[in-house]
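Contents: one structure, followed by commentary.
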Amino acid sequence: MNTQQFKQYFKNQRGNYISSSLDMVNQAFLNKGFQKKGRDYFFNNPTEYVMQMRDALWTEYKLLEKHFNAEMAKVLVEHSNINQLLKILSDPRLTNVNKVKGIVSRFTENFDQHLYDLNLSNTQSRRSRAGKEFEYAIYKLLIHSKILCDDQGILGNERFQAVGLGKLVDFAIPGVKEYKLEKHKCALVSMKTTLRERWAEVPEELNRTGAQSMYLLTLDDSISKNKINTIYNHNVHLVVPDSEKDLKYADNPKVYGLSSFMSELDNIIRYWSRKKANYLGQGFYKDKIEMYQYRIERTSIHSEISIYREFITYFEKKITEIN
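Following the UniProt record's numbering, the numbering of the sequence shown begins with 1 at its first residue and continues without gaps.
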C-alpha cells in the first residue's frame, strides 16, 4: 500500500471510528447530565458548562483517535514484509527485547511517510473539529438559556447569505430576520477556539456587512494586549470564559466575560419580545415556527425538543395577536 492509497484509506475510514462533531457534542451533553439542568443553570454558569463540555469532548476524542490510530497501524502491518519480520523473530542471536526493537524499527522505516501523513491528518482534523464542537456547545448554551438564535452550523448558510452575512458569522441573535429589520438591535457572533490564526478575518467580515459590531468568542488563554486593542478598535467585542476574565482582564473593559455576554444577549431578547406582533407580521412568525420545527426533526435531545416547542407555542400566540 503506497502513501496515496493509505491517505485515501484512512480518510475514508476516519468516520467509522470517530463520531461527527455534532454527535460527540450531543453525547457529551447527555453524559454530563446537562439535559436535566434548567435555564437558570446555563444562564448563570456559562463558563462551568463550556469548560466541562470542552474537557469531556477532548477526553472522548483522544480515546477514539487512539483506537483509530491502532486500527490504521494494523492495516500497515498487514501490508508489511512479513518475511522480514519473521526473520527478526527467528534470529537466535537476538534477545526478546532486541527482537521487539528490530520489528518496531523496521516497521517505522518502511512506513515513516505513512505514519507522518496519518499524524498530520489527525492534527488537521483536531483543529477543524475543535471549532465545530465549540460552535455546537455554545449553541446548546444559548438555546438552553432560552436565547433565540439563528446558527449557520445547523440551519445552513442560505439564511445568512440572504441578508449579506458571510460564513464567519456563526450566530445571529435573535435571528437574521431581525437583523434585516434592525441591525443595531441584534448580535452577530463569531467563534475562534484560538486567536493565533485567521482572527483578523472577523473585523474584515464586520466591515463588509456594515454591521455596527460583532462578538468574538474564544477559549484562547494567551491574548496579547496589542491584539485586544486591535480587535476592540474594529468594534469587535472579545468574549472569554469568566475564569480568564477574572484572572487576566478584570480591569479591562475591552474584554467581556461569558456571563456579561449572556446578559447582553438576554437584553436583546427582551427588546424583541416587547415588539408588537403587527410590526413583525404573520410571515415573520410563521418562518420562526417552520425553523424550530426543522430543528425538532434534527435532534433527539428531549430538553431541546421541549424548548423548541415552547418557542413555537410563543410564536403561535403572537400570530393570534395580529389584528
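Backbone N, C-alpha and C fix where the C-beta goes; we use that ideal spot for every residue, glycine too.
On a predicted model such as this, the values are computed, not experimentally measured, just so you know.
Check, Outcome
"Do G131 and D150 count as a contact pair if the criterion is CB distance below 7 Å?", "no"
"Using DSSP with H/G/I as helix, E/B as strand and the rest coil, what is residue 341?", "Since the first residue of the chain shown is 1 and the last is 323, residue 341 is not available in this structure."
"Between the Cα of T59 and the Cα atoms of L165, D91, I18 and N44, which residue gives the shortest distance?", "I18"
"Do the region 171-191 and the region 80-91 touch if we need at least three Cβ pairs shorter than 8 Å?", "no"
"Under a three-way DSSP split, which group does M191 fall into?", "strand"
"I want to check one thing, is the minimum distance from the CB of A28 to the heavy atoms of the ligand SAM below 6 Å?", "Of the ligands one can find in the structure shown there are none, so the ligand SAM has no counterpart to examine."
"Since L64 is in the alpha helix (DSSP H), which residue starts that stretch and which ends it?", "P46 to E78"
"Any idea what DSSP makes of Y256, helix, strand or coil?", "strand"
"Which of the three DSSP states, helix, strand or coil, is assigned to F171?", "strand"
"Is it true that the CB of F111 sits closer than 7 Å to the CB of L155?", "no"
"Just tell me which of I312, G281 and Y116 has its CA closest to the CA of N296.", "It is worth fixing the name first, because residue 296 is Ile in this sequence and not Asn. If we check each option's Cα against that of I296, I312 comes out closest."
"Tell me where the beta strand (DSSP E) around Y17 begins and ends.", "Looking at the DSSP string, Y17 is not in any beta strand (DSSP E); the run it does join, the alpha helix (DSSP H), is T3 to Y17."
"Within its chain, find whatever has a CB closer than 7 Å to the CB of N122; leave out the 5 residues flanking it on each side and keep chain order.", "E65"
"Alpha carbon to alpha carbon, what distance is there between Q4 and S213?", "46 Å"
"Taking the alpha carbon of T193 as the reference point, which residue from M291, G33 and R54 has its own alpha carbon closest?", "R54"
"According to the Cβ coordinates, are I147 and L247 closer than 7 Å?", "no"
"Round the Cβ separation of L118 and T108 to the nearest angstrom and send it over; I've been treating them as touching at under 8 Å.", "Actually they are not in contact, since the Cβ atoms of L118 and T108 sit about 12 Å apart, beyond 8 Å."
"Round the Cβ separation of A190 and D220 to the nearest angstrom and send it over; I've been treating them as touching at under 8 Å.", "For the record, residue 190 in the displayed sequence is Ser; it is not Ala. Not a contact, Cβ separation roughly 13 Å."
"Relative to the alpha-carbon of K36, which residue among S20, K140 and A73 has its alpha-carbon at the smallest distance?", "K140"
"Take A277 as the anchor and find which of E304, I322, I301 and V202 has the nearest alpha-carbon.", "I322"
"Using CA atoms only, rank isn't needed, just tell me which of G102, A73, L258 and L238 is closest to L142.", "L258"
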